[in-house]
Every structure is written in structure tokens, then in C-alpha cells.
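Participant:
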Amino acid sequence: MTAMLNDVPFEAAFLRAGLLIGLVHEREVPDWAAGTIAGSPALAPRLADVLLAKVELSAMREALWPLGSSVEGARVTAALLTALALEHVAPAKGAADLLRILGAIRSELKPPADLAAAIKDFEDRAMLVRAGSKRVVAPGVDEIGAWLAQARPQGYFRFHFDRHEERAAFVAALARKIVRARTWSERPGHASARVWLLRADSGEASVVVLNESAWEIAEREFAPLPIACRIPYSQPGDAATELFDEASASPLGLDEALANRSA
């Protein structure tokens, strides 16, 4: 896989913040930079400092700062909340760990006032309970998860490939796994899995975009996913063409996927 059609400033800002709160590991950042350069060689000068930086938290955050400093903080915060809600490790975290992460988002990233107030309320309640108060109940994982579900935007994830044939094989395999069970209607709050192709400026459909339901299947079936495939965007993309929807589509074979070269 290579990174193409990606918003480098946004992804750099997301990775920098993700390092701070523990959603991204330092080792993943050079891989992101190398993949981005492989897909867009002209970006090499901009990403050289990331590749040359020591693989440690402070050095990586410093190298990412010039790349993402212009990105609106609210956009990064929204993406972090989406990633936190969807990360497969999140349910295994206790409420204290989730509050630590949310507290770092509130104090370090300065989210919008309504989000900051909600996080502060969680922190205050937890603090009062630790102090022995019987008047309040500490927020639990379920309550925090429910808040995340309504506070965050939906996420769309980009999968990048070197060759059309590789991309088609991935789409066909994913389609078979999605359509085989068709369980979306039995999962309250889950939308049907949907997949798009995103055009490059040249018109070639070079990026596969998954909504959350499709991404969860890909994350389960094809793990580990590269970090570039775990950065949530807020929409499929202006030039995205839908390939199929779990609610109505039939399985997509390799020949059909290959036929979508210009979709």
C-alpha cells in the first residue's frame, strides 16, 4: 500500500496529537511518511525531517509540527474522538484510562467549548468520587462510550494501493466478507457497510474509502492495518464514487472489481 490523495497537513496534525494521547505509536510515524512519499514523491522534501527524526515521542511530535500547524484544532479533535471510539483497544481500557486520554485532549488540544465542558464534568465527577463524595457517581466506560458516540462525527477511512490489480483484489475480498453475513440490520446504531473509489486528479480511481462499518470488518479481517488506514476523515471525498452498499449489493468478484478501473 502507498499513501495517495491524502491531506498531509491534516494527517500530520492527527498523528502529532495521537502521539500525545497514546492512540499512535512513534514507530508508526516513519511508516506513514515513507508511504506518503512512495505515493507522492514530490512530498519527500516536506517529509524528510520526519524520516530523519529519532523514533521517540518528543522528536516525532517536533518533526510533525511544521506539517500540521495550520490545521484547525476542532478538526483534529473530532478525528481523535472518532478514532478513540473505534479503536479496538478502547473497550479494554478502563474508565480511568479513557478519562486520562480525554483529559489530555481537553488540556492540550483546546477542543470546542461544549466538548471541553463535557470532559471537564467527567473529570470533576471522578475526582469527587476519589475524594470520598457520595453525592455523585463516577463516569463508567459505558457512559463515556455513549457520550463519544454522540459527540464524534462519522469516520471514513482511506486505503491506498500501488496497483489497480492489488486494489481490485482487496475490494473483491472485502465485498465477499461484508456481504456473506449481512448482519448490519441486526446491529443497532450500525449503518450498512459502504465502499467508495476516490479519484485522483488524473481521474484514476486510486483510493478505496470505507465507512465505519466496512472499516470494522477490514480491521478485523486484515489486521494489522497501516496507520494511514486508521486516520478518520469526515467524508468520503468530493470525487468519491460508490462501489457498493451492504444493504443492497451482491458480492463483488475480482473481475467486477477490475472492471471498475475508471469508476
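The opening residue of the sequence shown carries number 1151 in the numbering used here; numbering runs sequentially from there. Where is the CB? At the ideal position from N, CA and C, for every residue including glycine. Being a predicted model, the structure only gives us computed values, none of them experimental.
1. Can you check whether the CB of glutamate 1237 is closer than 9 Å to the CB of arginine 1256?
2. Below 9 Å between beta carbons: does that hold for serine 1342 and aspartate 1395?
3. Inspect the CB distances between the region 1283 to 1296 and the region 1355 to 1370 and report whether three or more fall short of 8 Å.
4. By the 10 Å Cβ neighbour count, where 16 or more other Cβ atoms means buried, how is tryptophan 1215 classified, buried or exposed?
5. For arginine 1166 and leucine 1217, I'd like the C-alpha separation in whole angstroms.
6. Using the rule of at least 16 other Cβ atoms within 10 Å of the residue's Cβ for burial, across every protein chain shown, is glycine 1189 buried or exposed?
7. Determine the DSSP secondary structure at arginine 1326, reduced to helix, strand or coil.
8. Relative to the C-alpha of phenylalanine 1160, which candidate in Val1345, Ala1203, Leu1230 has its C-alpha closest?
9. Can the beta-carbon of valine 1359 be found closer than 9 Å to that of leucine 1347?
10. Within 10 Å of its beta-carbon, does alanine 1183 have 16 or more other beta-carbons around it, so buried, or fewer, so exposed?
11. Just grab the DSSP bridge partners of valine 1345 for me.
12. Expressed to the nearest angstrom, what Euclidean distance is found between the alpha-carbon atoms of arginine 1302 and alanine 1281?
13. Measuring straight from C-alpha to C-alpha, what distance separates alanine 1213 and leucine 1278?
14. Using DSSP's beta-bridge definition, name the partner residues of histidine 1310.
15. According to the neighbour-count rule (16 or more other Cβ atoms, all chains shown, within 10 Å of its Cβ), is valine 1239 buried or exposed?
16. In terms of residue numbering, what span does the alpha helix (DSSP H) encompassing leucine 1375 cover?
17. Can you check whether the CB of leucine 1234 is closer than 9 Å to the CB of leucine 1298?
Facilitator: Inspection of the coordinates gives the following:
1. no
2. yes
3. Because the criterion of three Cβ pairs below 8 Å is not met, the region 1283 to 1296 and the region 1355 to 1370 do not touch.
4. exposed
5. 10 Å
6. buried
7. helix
8. The candidate whose alpha carbon is nearest that of phenylalanine 1160 is Leu1230.
9. Taking 9 Å as the cut-off, the Cβ atoms of valine 1359 and leucine 1347 count as close.
10. Counting Cβ neighbours within 10 Å, alanine 1183 comes out buried, since at least 16 surround it.
11. Answer by DSSP bridge pairing, in chain order: Leu1360, Phe1394.
12. 30 Å
13. Near 39 Å, if we compare the C-alpha coordinates of leucine 1278 and alanine 1213.
14. DSSP, once it has assigned bridges, lists Val1357 as partnering histidine 1310.
15. Confidence at valine 1239 is low in this model, with a pLDDT of 47, below 50, so its placement is unreliable and the value that follows should be read with caution. Flag for valine 1239 reads exposed.
16. Looking at the DSSP string, leucine 1375 is not in any alpha helix (DSSP H), and its letter there is neither H nor E.
17. Cβ distance < 9 Å, so leucine 1298 and leucine 1234 count as in contact.
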